[in-house]
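Below is one structure, written out as structure tokens; the observations come after it.
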Amino acid sequence: MTYINKDEASSFTGRGPLAVYRERIASGDLKNDPDQARVVERLDQLWHELATMPPPAPPAKGAACWQALRAG
């Protein structure tokens, strides 16, 4: 199994898993596997969904105090 190190992973920032998978197949680092390709395609969809998701709204002012009182 071929793994990537932290430095290699940081060079992939901004590209989805599918693009990286295809590049690694083209370079000969990986062999094409239809089952893996299907999984990588789904992972790529999730990656793009997460990458384009708006950040969560900040909690309402005083919400932390209210939660602390309820917990405690």
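FYI, this note's numbering numbers position 55 of the sequence shown as 74, with every residue one higher than the one before it. Note that CB positions come from ideal geometry on N, CA and C, so glycine has one too. Since the model is a prediction, treat every value here as computed from it, not as a measurement.
Jot down the residue ranges of each uninterrupted alpha helix (DSSP H) in the segment 43-72, minimum 4 residues, whole runs only, in chain order. You should have 53-70.
Chain-order list of residues whose beta-carbon lies under 8 angstroms from that of residue 56 (same chain, five-residue window excluded): 40, listed in sequence order.
Quick check: residue 36 and residue 62, are their CB atoms within less than 9 angstroms of each other? Against a cut-off of 9 angstroms, the Cβ pair of residue 62 and residue 36 comes out as a contact.
In whole angstroms, what separates the C-alpha of residue 38 from that of residue 73? Residue 38 and residue 73 have their C-alpha atoms some 23 angstroms from each other.
Alpha carbon of residue 51 to alpha carbon of residue 80, nearest angstrom: When the Cα atoms are used, residue 51 and residue 80 turn out to be separated by approximately 52 angstroms.
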